[in-house]
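Okay, so here's the structure we're looking at.
In my numbering, the protein residues as written are 9 to 190.
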């Protein structure tokens with residue numbers, strides 16, 4: 009049930025006419041049915057313009073359309089090829105379903121990520137507003153604290169000056185007392 013394409017076919021209609029007797033009344037409908045059956049049996053031929061010469065093609069049975077004499081088909085190969093093609097079609101369907109599922113999961117993950125980013129952006133905006141509100145209060149508190157520190161420093165300096173004066177007086181008294189003793 010296979011044929012080797014000896015030259016690159018330009019389109020599926022040309023291939024269908026090469027493999028089947030498509031003539032007379034209803035030729036267009038027969039051609040369409042033959043093309044559909046060829047593509048169903050050979051999904052890789054959907055883009056025939058990309059198929060190289062020498063590609064093996066399964067020739068399906070199409071009800072009401074005869075094959076062109078000279079195309080040899082072994083009945084055992086037909087059954088074998090149909091089974092293989094059905095298995096390949098099933099594998100392709102499973103792969104397609106897996107790909108759709110993976111795309112859906114990725115889209116869901118992307119949506120979740122976007123939602124998290126939006127939430128984070130909103131939280132940052134709120135924090136930014138809080139910082140903007142708190143910043144002037146913090147600056148004012150820092151200025152007050154600096155003023156208090158300056159005032160304390162001035163008080164400390166004044167107290168140190170008094171202590172130095174007191175020590176100077178005590179020192180003078182001690183010197184006088186030492187002189188009087190001597």
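In this text, a Cβ means the ideal position worked out from N, Cα and C, and glycines have one as well.
Every value quoted in this text rests on a predicted model; they were computed, and no experiment measured them.
Among the options, nearest to residue i - alpha-carbon criterion
i          : options             : result
residue 44 : 58, 62, 31 and 73   : 73
residue 96 : 52, 34, 107 and 156 : 52
residue 37 : 157, 71, 151 and 62 : 71
Sub-7 angstroms separation of residue i and residue j beta-carbons
i          : j           : result
residue 93 : residue 123 : no
residue 49 : residue 28  : no
residue 20 : residue 59  : no
residue 54 : residue 64  : no
residue 30 : residue 39  : yes
Limits of the beta strand (DSSP E) - the one that residue i falls within
i          : result
residue 54 : Here residue 54 belongs to no beta strand (DSSP E), and DSSP marks it neither H nor E.
Alpha helix (DSSP H) segment containing residue i, residue limits
i          : result
residue 24 : 20-27
Paired residues, beta bridge with residue i - DSSP
i          : result
residue 41 : Looking at the DSSP assignment, residue 41 forms no beta bridge with any residue, so it has no partner.
residue 75 : 28
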